[in-house]
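Just below is one structure, and these are the notes that go with it.
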Amino acid sequence: MPSPVSSIPNLGPASEAAFAKAGIHSAEDLRALGPDEAYRRLLASGAQPHFIGYYVIVMGLMGRPWNDCQGEEKAALRRRFDAIKAEATAKGGAKEKGRSELEAALDMLGVIERRR
């Protein structure tokens, strides 16, 4: 039986719902895709791009706390995120809705209500 996406550290019910919308229905699917391709699929499904949300996924797949990313490691992840976001925006899959990265990340983690 597949494990839920929320079995990955840092990812909860809101993340699970976002991944399901992107066609990723299990932790095994997410691990097989890896963070970059999974994030591309999130953006293609209409998720808003936000750096914190991206590195939460990366850290979770590594079994690390979401805020355990610093220094050069964080800078390298930012470069990867920027490239994925630029690619998705060029394809029309990423949508910005006037939200800050922090608001979007908190939304993805299920901490705040979604703006409509």
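Throughout, this note's numbering is defined as the position within the sequence shown, counted from one, plus 522. Just so you know, even glycine gets a beta-carbon here, dropped at the ideal spot from N, CA and C.
Nearest-angstrom Cα separation, counted from residue 553 out to residue 563:
Straight-line spacing of the CA atoms in residue 563 and residue 553 works out to 13 Å.
When DSSP labels each residue in this structure, what does residue 579 get in the three-state scheme?
DSSP places residue 579 in helix when its eight states are reduced to three.
Answer with buried or exposed for residue 592, where buried requires no fewer than 16 other C-beta atoms within 10 angstroms of its C-beta.
Under this definition residue 592 is an exposed residue.
Considering only C-alpha positions, which residue in the set 550, 545, 540 and 556 is nearest to residue 581?
Comparing Cα-Cα distances from residue 581 to each of 550, 545, 540 and 556, the minimum goes to 556.
Buried versus exposed, by CB contacts within 10 Å (16 or more), residue 589:
Exposed, since its Cβ has fewer than 16 Cβ neighbours within 10 Å.
Buried/exposed call for residue 544, threshold 16 Cβ in 10 Å:
When all chains shown are included, residue 544 counts as buried.
Can you name the start and end residues of the alpha helix (DSSP H) that residue 554 belongs to?
Here the alpha helix (DSSP H) through residue 554 covers 549-566.
Buried or exposed: residue 569, going by 16 or more other Cβ atoms within 10 Å of its Cβ?
Looking at its Cβ environment, which holds 16 or more other Cβ atoms inside 10 Å, residue 569 is buried.
Alpha-carbon to alpha-carbon, residue 596 and residue 538:
One C-alpha to the other measures close to 24 Å.
Following the continuous alpha helix (DSSP H) through residue 606, name the residue where it begins and the one where it ends.
From DSSP, the alpha helix (DSSP H) with residue 606 extends over 593-613.
For residue 528, the three-state DSSP class (helix, strand or coil):
Looking at residue 528 - three-state DSSP - the assignment turns out to be helix.
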